[in-house]
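Student:
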Amino acid sequence: MTCRRKRRRIKKRPNLNIRQKNQLPIRHILKQLEIQRQEEVNSAIQARLNKFKDFSQQQEADKRKQWLKQQQAFIKDMQLKESRIFEALNEYDKNTSDEHAKLVQHYQNLAERRKMHEKELATREKQRQLVNSYIDNIKKGQQEFRSIYQQIIIILKSCENNEELKLLLGDDFKQLKTLPEQLDEVIGYCKNGKVSEAEVRKVVELVQQVGALYSKIGQAVAKINKKKEEPQKPQNIITTVPPVNNAINEKFTESIAVGKEAEKLSPTLNSNITKYVSLSNLKMYTEIMDFWEKHSESFKILEQDTSLKQFKFECKKAINTPVNSLSGINSSHILDKYNRLYKLLSGQTVIVGEKQINASRHPQGIAFCMDLLAKKFVLQGDLMVSSNPESAFCYATVIISLWNDFPVFGNLVLAYFYKFCPYLVPYYIPRQVGESDEEYYTKQGYQYVDGQIEKQDKFLKRMTGIMRLYSAVLIVKPKRGQNTTPHNIKHGWRLLSSILKLEPQVDISATIVHTLLETAGFELEARYDRFFKKLILILLDKFLPRCREKCTGGAVTRLELLLSEYMKNKRFEQPNGYLNYPYW
1 MTCRRKRRRI KKRPNLNIRQ KNQLPIRHIL KQLEIQRQEE VNSAIQARLN
51 KFKDFSQQQE ADKRKQWLKQ QQAFIKDMQL KESRIFEALN EYDKNTSDEH
101 AKLVQHYQNL AERRKMHEKE LATREKQRQL VNSYIDNIKK GQQEFRSIYQ
151 QIIIILKSCE NNEELKLLLG DDFKQLKTLP EQLDEVIGYC KNGKVSEAEV
201 RKVVELVQQV GALYSKIGQA VAKINKKKEE PQKPQNIITT VPPVNNAINE
251 KFTESIAVGK EAEKLSPTLN SNITKYVSLS NLKMYTEIMD FWEKHSESFK
301 ILEQDTSLKQ FKFECKKAIN TPVNSLSGIN SSHILDKYNR LYKLLSGQTV
351 IVGEKQINAS RHPQGIAFCM DLLAKKFVLQ GDLMVSSNPE SAFCYATVII
401 SLWNDFPVFG NLVLAYFYKF CPYLVPYYIP RQVGESDEEY YTKQGYQYVD
451 GQIEKQDKFL KRMTGIMRLY SAVLIVKPKR GQNTTPHNIK HGWRLLSSIL
501 KLEPQVDISA TIVHTLLETA GFELEARYDR FFKKLILILL DKFLPRCREK
551 CTGGAVTRLE LLLSEYMKNK RFEQPNGYLN YPYW
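According to full-length UniProt numbering, the sequence shown is numbered sequentially starting from 1.
(1) Apply the 10 Å Cβ neighbour rule to residue 366 and answer buried if 16 or more other Cβ atoms are within range, or exposed otherwise.
(2) Determine the contact status of residue 416 and residue 449, defining contact as a CB-CB distance below 8 Å.
(3) Would you mind stating whether residue 561 and residue 518 have Cβ atoms separated by less than 8 Å?
(4) By Cβ distance below 8 Å, which residues in the same chain neighbour residue 256 in space, the five residues on each side in sequence not counted?
(5) In the structure shown, what three-state DSSP assignment does residue 203 receive?
(6) Between 130, 396, 127, 353, which lies nearest to residue 577 when the distance is taken from Cα to Cα?
(7) Considering residue 304, what are the terminal residues of the alpha helix (DSSP H) in which it resides?
(8) Excluding the five sequence neighbours on either side, which residues of its own chain have a C-beta within less than 8 Å of the C-beta of residue 382, listed in chain order?
(9) Using three-state DSSP, classify residue 556 as helix, strand or coil.
(10) Could you check whether residue 348 and residue 401 sit closer than 8 Å to each other, using their CB atoms as the reference points?
(11) Classify residue 27: buried if its beta carbon has 16 or more other beta carbons within 10 angstroms, exposed otherwise.
(12) I'd like to check one pair, residue 499 with residue 585: are the Cβ atoms closer than 8 Å?
(13) Buried or exposed: which applies to residue 495, given that a residue is buried once 16 or more other Cβ atoms fall within 10 Å of its Cβ?
(14) Go ahead and pull the three-state DSSP assignment for residue 448.
(15) Among 538, 508, 211, 533, which residue has its Cα nearest to the Cα of residue 142?
(16) Please report the straight-line C-alpha distance between residue 44 and residue 29, rounded to a whole angstrom.
(17) Residue 563 CB to nearest chain B CB: under 8 Å?
(18) Can you tell me whether DSSP reads residue 351 as helix, strand or coil?
(19) Expressed to the nearest angstrom, what Euclidean distance is found between the alpha-carbon atoms of residue 550 and residue 453?
(20) Mind checking who residue 453 pairs with in its DSSP beta bridge?
(21) Identify the residues that DSSP records as bridge partners of residue 356: which are they?
(22) Residue 352 to residue 313, Cα distance in whole Å?
(23) Measuring alpha carbon to alpha carbon, tell me which of 566, 555, 125, 39 ends up nearest residue 458.
(24) Contact between the region 116–127 and the region 162–170: three or more CB pairs below 8 Å?
(25) If distances are taken between C-alpha atoms only, which option among 187, 428, 474 comes closest to residue 136?
(26) Helix, strand or coil, according to DSSP, for residue 488 in the structure here?
(27) How many Å lie between residue 662 and residue 144 at the Cα?
(28) What residues in its chain sit with their C-beta under 6 Å from that of residue 248, if we drop five residues either side in the sequence?
(29) Kindly give me the distance between the Cβ atoms of residue 322 and residue 404, rounded to whole angstroms, as I take these residues to be in contact under 8 Å.
(30) By how many angstroms is the C-alpha of residue 535 removed from the C-alpha of residue 516?
(31) Would you kindly check if the distance between the Cβ of residue 148 and the Cβ of residue 199 is under 8 Å?
(32) Hey, how far is the Cα of residue 356 from the Cα of residue 490?
(33) Is residue 217 near the ligand PLP, in the sense that its beta carbon is under 7 Å from a heavy atom of that ligand?
(34) Taking the C-alpha atoms as reference points, what is the distance between residue 384 and residue 194?
(35) Per the contact definition of three or more C-beta pairs closer than 8 Å, is the region 359–376 in contact with the region 301–316?
(36) Return the CA-CA distance between residue 528 and residue 506, expressed in angstroms with no decimal places.
Given below as structure tokens:
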């Protein structure tokens, strides 16, 4: 088997060699053919590539030609459009220049009209200011006239023989009626806005005439009273007439009899009047209350006229709104309320809600508002300060500032202080013969409800509020620009020293001393120093023991504690809420 295989192998070998020998030329031929084929393929490929290249070059040339053609068309179109635009611009410029010329002319016309309008407004404003200055001067003259006229009325009241006075004055006496009528006629022009320098000169002339009349009447009344006094020579009558002063709202005359108030008392009380009030304080009290009565008469017609109910309501609203909202929150708030009240009292228009209110629309409107505002402020001591002591100072500083502006208003405030709390005089009003309990205690400041007198603690609380407000008025400073305080701490010293000279009354004497020292003690000490310290010793040694004999409540106890604290600390503290100068 193996040998057979070997023979087979041997046989195959020679066949392979023969086949290889036979295949060599074929391979060569095939190789040559392959090479030839490849060359033909390469040539075909190269030809194809050349065609592509030629085609691309042709396409590129065509594109360039097309682009150049489009570019030329575009340029031609742009040139056409530019020419049209230039034509349109030229047309627009032509039209615009015409419009511009028209616009320039229009603006020039507007400028001319505006200039003429501004010139007209300036002329009107100048005229308005001139008219306002005329009106202000007329108002000042009106106030001065009223002040002098009120002084004349006061002097006439003090005259002992009116018939003789009429004979002495002659035709001058008729001016008492004609001068106010002439003034009212001028005021009527102000209401219509038809006022000129002639009206101002007329008011100045009227003020001069009433001033001259005041002087004549004063001399005549002094002469008549002097004749009547010469045989009697009473010691308690003062008939001196002060010289006329043309300052606006000058302080009222001092030609009031000290004995006028004393004559109302019973003979027994009249002989012992100094137990209840000093003669100098009685004179001051009588003058103030008499001034208040005369002032009340000056607007009685307005008060009684029912047809003016709406006007009076508006005036009350113009007063109540700022006073009720007044607080010491900041200086601008206080200044705003002051400005509103100042405008009202000076006859200017104020806006309350959506209404314009002017008190000078009625000849008696300003007098009515002054009285109403004075009463409103003093009642704030009863209603507000009694519960919130710190609020006293914001009310007081506005009161003092308005007092500087309108002295008549200040005198009315003082009158209402004395009316609601006569202990501020101090005046312990005695009981008159035949006087009922209600009449007597009402004059002391007590209130009655359904015939029942108020309780003592409530009464003392209300009085404390009014006393604290009055004490605050003594020490506060007015607004910026006002350098004087018309009712200052010297009146506190007079009040305190006067109280020590009188017999203490139940609870109220200790209450007023305590309130005054608690509120204004630091200012009294700073002003009077060692004299104040001596007065404190008198309080401790003499006044307190006398108070203990008559008082059983807490009034004396509170005063004792305050004085003990002072002796311990050697000073009084500034009260809470005190407004340092200059606050507003």
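All C-beta atoms, glycine included, are put in the ideal place defined by N, C-alpha and C.
Tutor: Here's the rundown:
(1) buried
(2) No. Outside cutoff.
(3) no
(4) In this prediction, residue 256 scores a pLDDT of 33, lower than 50, which makes its location untrustworthy; no coordinate-derived value is stated.
(5) helix
(6) 396
(7) 300–304
(8) 420, 462, 465, 466
(9) helix
(10) no
(11) exposed
(12) Residue 585 is absent from the structure shown; the chain starts at 1 and stops at 584.
(13) buried
(14) strand
(15) Answer by Cα proximity: 211.
(16) For the pair residue 44 and residue 29, the Cα-to-Cα distance works out to about 22 Å.
(17) The structure shown contains no chain B, having only a single protein chain.
(18) strand
(19) Roughly 21 Å separates the two Cα atoms.
(20) DSSP, once it has assigned bridges, lists 448 as partnering residue 453.
(21) 351
(22) 12 Å
(23) When the alpha-carbon of residue 458 is set against those of 566, 555, 125, 39, the nearest one is in 555.
(24) At 8 Å Cβ cutoff, the stretches do not touch.
(25) 187
(26) Residue state, collapsed to three classes: coil.
(27) Given that the chain is displayed from residue 1 to residue 584, the structure contains no residue 662 and the question cannot be resolved.
(28) With a pLDDT of 32 at residue 248, under the threshold of 50, the modelled position of that residue is not reliable, and the figure given next carries that caveat. Within the same chain, residue 248 has close Cβ partners 140, 143, 144.
(29) About 18 Å separates the two Cβ atoms, so there is no contact after all.
(30) Straight-line measurement puts the Cα of residue 535 at about 13 Å from the Cα of residue 516.
(31) No, Cβ-Cβ distance for residue 199 and residue 148 is not below 8 Å.
(32) 41 Å
(33) Ligands are entirely absent from the displayed structure, and the ligand PLP is therefore not among its contents.
(34) Going by C-alpha positions, residue 384 is about 45 Å away from residue 194.
(35) yes
(36) 28 Å
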